[in-house]
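Those sequence lines, one after another, are chains A and B.
Sequence positions in the first sequence follow the numbering used here and run 4 to 480.
Sequence positions in the second sequence follow the numbering used here and run 4 to 480.
The C-beta atom is built at its ideal place from N, Cα and C for all residues, glycine as well.
What you are looking at is a predicted structure, and each value in this text was computed from that prediction instead of being measured.
Input: a single structure, listed below in structure tokens.
There are 2 protein chains.
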Amino acid sequence: MATKVTPRSEDYSRWYTDVVQMADLADYAPVKGCMIIKPHGYALWENIKAGLDRRFKATGHANAYFPLFIPMSFLEKEAEHVKGFSPELAVVTHGGGKKLEEPLAVRPTSETIIGHMYAKWIQSYRDLPLLINQWCNVVRWEMRTRLFLRTTEFLWQEGHDAFATSEEAQANALQMLDVYKEFAVEDAAIPVIAGRKSESEKFAGGVTSYTIEAMMGDYKALQSGTSHFLGQNFAKAFDIKFLDENNELQYVWTTSWGVSTRMVGAVVMVHGDDQGLVLPPKLAPIQVVIVPIWKSDNQRTAVLEAVTRVEAALRDDVRVHVDDRDEYSPGWKFNEWEMRGVPLRIEIGPRDVEREQVMLARRDVPGREGKSPVPLSGLAGAVREMLTTIQADLYRRALDFREAHTYNPGDYAEFGEAVSEGFAYSWWCGDADCEAQIKEGTKATIRCIPLEQEPGKGKCIRCGKEASERAIFGRAY
Amino acid sequence: MATKVTPRSEDYSRWYTDVVQMADLADYAPVKGCMIIKPHGYALWENIKAGLDRRFKATGHANAYFPLFIPMSFLEKEAEHVKGFSPELAVVTHGGGKKLEEPLAVRPTSETIIGHMYAKWIQSYRDLPLLINQWCNVVRWEMRTRLFLRTTEFLWQEGHDAFATSEEAQANALQMLDVYKEFAVEDAAIPVIAGRKSESEKFAGGVTSYTIEAMMGDYKALQSGTSHFLGQNFAKAFDIKFLDENNELQYVWTTSWGVSTRMVGAVVMVHGDDQGLVLPPKLAPIQVVIVPIWKSDNQRTAVLEAVTRVEAALRDDVRVHVDDRDEYSPGWKFNEWEMRGVPLRIEIGPRDVEREQVMLARRDVPGREGKSPVPLSGLAGAVREMLTTIQADLYRRALDFREAHTYNPGDYAEFGEAVSEGFAYSWWCGDADCEAQIKEGTKATIRCIPLEQEPGKGKCIRCGKEASERAIFGRAY
Chain A
4 MATKVTPRSE DYSRWYTDVV QMADLADYAP VKGCMIIKPH GYALWENIKA
54 GLDRRFKATG HANAYFPLFI PMSFLEKEAE HVKGFSPELA VVTHGGGKKL
104 EEPLAVRPTS ETIIGHMYAK WIQSYRDLPL LINQWCNVVR WEMRTRLFLR
154 TTEFLWQEGH DAFATSEEAQ ANALQMLDVY KEFAVEDAAI PVIAGRKSES
204 EKFAGGVTSY TIEAMMGDYK ALQSGTSHFL GQNFAKAFDI KFLDENNELQ
254 YVWTTSWGVS TRMVGAVVMV HGDDQGLVLP PKLAPIQVVI VPIWKSDNQR
304 TAVLEAVTRV EAALRDDVRV HVDDRDEYSP GWKFNEWEMR GVPLRIEIGP
354 RDVEREQVML ARRDVPGREG KSPVPLSGLA GAVREMLTTI QADLYRRALD
404 FREAHTYNPG DYAEFGEAVS EGFAYSWWCG DADCEAQIKE GTKATIRCIP
454 LEQEPGKGKC IRCGKEASER AIFGRAY
Chain B
4 MATKVTPRSE DYSRWYTDVV QMADLADYAP VKGCMIIKPH GYALWENIKA
54 GLDRRFKATG HANAYFPLFI PMSFLEKEAE HVKGFSPELA VVTHGGGKKL
104 EEPLAVRPTS ETIIGHMYAK WIQSYRDLPL LINQWCNVVR WEMRTRLFLR
154 TTEFLWQEGH DAFATSEEAQ ANALQMLDVY KEFAVEDAAI PVIAGRKSES
204 EKFAGGVTSY TIEAMMGDYK ALQSGTSHFL GQNFAKAFDI KFLDENNELQ
254 YVWTTSWGVS TRMVGAVVMV HGDDQGLVLP PKLAPIQVVI VPIWKSDNQR
304 TAVLEAVTRV EAALRDDVRV HVDDRDEYSP GWKFNEWEMR GVPLRIEIGP
354 RDVEREQVML ARRDVPGREG KSPVPLSGLA GAVREMLTTI QADLYRRALD
404 FREAHTYNPG DYAEFGEAVS EGFAYSWWCG DADCEAQIKE GTKATIRCIP
454 LEQEPGKGKC IRCGKEASER AIFGRAY
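In structure tokens:
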């Protein structure tokens, strides 16, 4: 950990890669475009999974598992879907030493094979709604990859729900978007804008796509979760029908929704600093690290005794780790745990033992300002409270940052400046040509049309025609 | 659920498939040899995962994730390994619309790609031991498949550990076998025999393979978890070296160990009966189902009130589900929850409400014998206790069954009879020819050479030559 990360101001992209590797989150794989999620990164992903999975189950979802391989003919059943995904497919042509009669795609997403099964499982309105999620790996062949943000293989969850009515399906797509938003805000401390995707950015084969968009430390947007209302497109392609209460055969209405390991990248870029990772307490694999400090052997004994007591006092409440390695100095340990983003450090030295106190050091407030002595009595309560404060402060800081870099440009020239250093929240006439011109001229895309916006009318930032909605524009990962 | 499963005595194999499908554990996929794990089966797998994962973490392991794709050249680096696995590979030849320069195997197991990374990560003795596990999907092309027991794609965990010394690695392989045994006995209520595999049955590329073997309801053996001491075979193939304390470069010693969704099949076959699934309480997604019984609307109100109170009293202690569906009769519900293996049913009718009691019905003791009235006061304690009893009784019953069908045949003729209806525990000279002749003559294989056996000598059951170890022989899945 002697080496330092590239400062963000110098090269944001290198800073990101440095942090991901030096904080031991991930490594490059010997397979093009793939990554290895290392233990620290995977523990973070496990906490992300737990936070989402708990919420999925609370909304009535069960987990299941569908095959990795999808017959090519399935993908071809929905015209838009295959058009969108076929350039990205990995294809298995041989199995068990023989050439396959029909090549198999490695799943890029599972609407098709799940649709095929739903057609078999759903018979009557009593089988609806069908609410199923799957945690799995997917593969999309990528040319330019970045750890966590864009990799050929990634981990995710994909929810696939079927309903008797369009209204229920639409409400579900929005409900799951809301679950994502709640997770991002409450657990990941990431402020997100929930909105609708434009037609050009929506899911291949869907009717309406919703997204949560977050601003990264370099002002770029990261799509952090999507939820799609698929109408009856997949129901018709896969013949998913049910007998309704009047005994009439109807097509179901479906949705799908997903969050991936990309969320790890969002956590890095929203909260990290030039010392490395900064983790929100709710997601941190280790919330509190205890570092003992001593010089003499006598001190060592007394300090380690205190450390044992403190750890025992905290263990039931927080995820605590004691770093009592003899071969590293306290300063070296401070750096390492800062790099790895542990939210709170407890230092215990001989003077602390004498005074019956410990020193708390906040990861999110570097230097002296973030340090405070806390008496041993009532320590567990103080630590819990401090973690709550850190969680809230991280969110507040990220929100302030996004708000400071979200602009309401007065004209197209100002718009160009705005999207080079943040988001532009601007009127858009809804025309795909304007959207394309903006993208070509400024590299900014419509991140979303926010669900919450004041009703009214304005003039399209590009063409000046009347517009009834405002969109968030930004450059994106 | 009107239809019944095929009785075990009529056709065990059909009984198994019926139960797996009718208890909603799994379904056949539209891709050859693959399965879909349905919500009930996946919830069972989630509990298996949780029971194992907790134990892995307690032994110092962290989870990580390595790529799905393995370059063919990696597999070829260990001669025995590629020989063993290449007939079973699924191969990706095209990605992103282009033919790949080097075909990629879909991982059948990950020793090779993990070995490649360990060579990069391990530099010094301070990096050892390296203890990593991964939960993932793997693919082995299979000709004859059976739901959970043998499928082209399956889910599993694979642990991969590296050590400075042979002794540590060997101790680790046995430690993880012990973890598997503890899980099987304590959580799955499955008695297992822990032992060593013969040379002909060991892992391709390993030095010593250990296994836990369980007896299914048809007396056949199911290999339920394996742990391999790999010596320095993979270390040499992938150049995994470390600087020891004397600053000398040494190869590491490695192990690998795995348990798969096959364990679900073991639970079905060890505990199930002609009414369907019987789940051990520790693994059951629903431990207690409450079924209200009423005739009049007045009764309905009083009964449902009692049901709500009972559910509230149990919720914190056990995984409880209330089946208050109006459209099904109590009898229909009894059958359904019996099919799905819920360990304990609570029936609440008008007379129970009057008497301030409920009726408990044990899944593992069918009919009247398994029913007992329990007063509402102290119900939670009684339910917890009953679940503990059921867990213990299931294990005891399975152990009695295995012991009743494990024989000590006096000669080879008796041996042939023994392995047609159980295990034979017999002396074996250690010669591979004897092993092959036994397999050809009786279809029985050496399931394992038990770790725990009385020292001594005897005569090989096949050739009569002196033998110093006894082996468990049986027909296997």
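List the endpoints of the continuous beta strand (DSSP E) containing residue i.
| i | result |
| --- | --- |
| residue 256 of chain A | 256 to 263 |
| residue 160 of chain B | 156 to 166 |
| residue 228 of chain A | 224 to 232 |
What do you get for residue i, buried or exposed, if any count of 16 or more other CB atoms within 10 angstroms of its CB means buried?
| i | result |
| --- | --- |
| residue 82 of chain A | exposed |
| residue 7 of chain B | exposed |
| residue 366 of chain A | buried |
| residue 156 of chain A | buried |
| residue 100 of chain B | exposed |
| residue 203 of chain A | exposed |
| residue 456 of chain A | exposed |
| residue 326 of chain B | buried |
| residue 355 of chain B | buried |
| residue 331 of chain B | exposed |
| residue 190 of chain B | buried |
Given that residue i touches chain D, what residues does it touch there, using C-beta distances under 8 Å?
| i | result |
| --- | --- |
| residue 109 of chain B | No chain D is present in this structure, whose protein chains are A and B. |
Could you give the first and the last residue of the continuous alpha helix (DSSP H) run that contains residue i?
| i | result |
| --- | --- |
| residue 306 of chain A | 300 to 317 |
| residue 193 of chain A | Residue 193 of chain A -> no alpha helix (DSSP H), and no H or E assigned at all. |
| residue 382 of chain B | 382 to 407 |
| residue 62 of chain A | Taken as a continuous stretch (DSSP letters only), residue 62 of chain A belongs to no alpha helix (DSSP H), as it is neither H nor E. |
| residue 209 of chain A | No alpha helix (DSSP H) holds residue 209 of chain A; DSSP gives it neither H nor E. |
| residue 236 of chain B | 236 to 241 |
| residue 441 of chain A | 435 to 445 |
| residue 333 of chain B | 333 to 342 |
| residue 115 of chain A | 114 to 124 |
| residue 415 of chain A | 415 to 423 |
| residue 87 of chain B | 82 to 88 |
Which same chain residues, not among the five before or five after residue i, have their C-beta less than 7 Å away from its C-beta?
| i | result |
| --- | --- |
| residue 280 of chain A | 22, 26, 271, 342, 343, 344 |
| residue 130 of chain B | 124, 245 |
| residue 1 of chain A | Chain A is shown from 4 up to 480; residue 1 of chain A falls before or after that span and cannot be answered. |
Just list the residues that DSSP pairs residue i with in beta bridges.
| i | result |
| --- | --- |
| residue 6 of chain A | According to DSSP, residue 6 of chain A bridges with nothing at all. |
| residue 252 of chain A | A:246 |
| residue 107 of chain B | B:74, B:95 |
| residue 12 of chain B | Its beta-bridge partners do not exist; DSSP assigns none. |
| residue 149 of chain A | A:153 |
| residue 351 of chain B | B:295 |
| residue 216 of chain A | A:196, A:226 |
| residue 31 of chain A | A:38 |
Once you ignore the five residues that flank residue i on each side, which residues in its own chain have a CB closer than 8 Å to its CB?
| i | result |
| --- | --- |
| residue 4 of chain B | Confidence at residue 4 of chain B is low in this model, with a pLDDT of 46, below 50, so its placement is unreliable and no value can be given for it. |
| residue 185 of chain A | 58 |
| residue 171 of chain A | 132, 256 |
Who are the near neighbours of residue i in its chain, counting only those whose CB is closer than 6 Å to its CB and skipping five residues on each side?
| i | result |
| --- | --- |
| residue 221 of chain A | 15 |
| residue 63 of chain A | 134 |
| residue 209 of chain B | 231, 233 |
| residue 205 of chain A | 212 |
| residue 324 of chain B | 289, 292 |
Given 8 Å, three or more beta-carbon pairs between the stretch 468 to 477 of chain A and the stretch 21 to 36 of chain B: no
Any 3 or more C-beta pairs closer than 8 Å across the stretch 197 to 207 of chain B and the stretch 442 to 458 of chain B: yes
The stretch 401 to 414 of chain B / the stretch 343 to 362 of chain B touching (three or more Cβ pairs under 8 Å): no
At least three beta-carbon pairs within less than 8 Å, the stretch 248 to 257 of chain B to the stretch 286 to 299 of chain B: Counting Cβ pairs under 8 Å, fewer than three are found: no touch.
Stretch-stretch touch, CB-based, cutoff 8 Å, three pairs: the stretch 63 to 78 of chain A with the stretch 128 to 146 of chain A: yes
Segment contact flag, the stretch 108 to 118 of chain A with the stretch 137 to 155 of chain A, C-beta cutoff 8 Å, min 3 pairs: Contact between the stretch 108 to 118 of chain A and the stretch 137 to 155 of chain A is established, with three or more Cβ pairs separated by less than 8 Å.
Segment contact flag, the stretch 372 to 391 of chain A with the stretch 304 to 319 of chain A, C-beta cutoff 8 Å, min 3 pairs: yes
Cβ contact check for the stretch 42 to 62 of chain B and the stretch 31 to 38 of chain A: 3 or more pairs under 8 Å: no
Segment contact, 8 Å Cβ cut-off, at least three pairs: the stretch 389 to 402 of chain B with the stretch 280 to 289 of chain B: yes
Sufficient close CB pairs (3 or more, under 8 Å) joining the stretch 435 to 447 of chain A to the stretch 412 to 424 of chain A: yes
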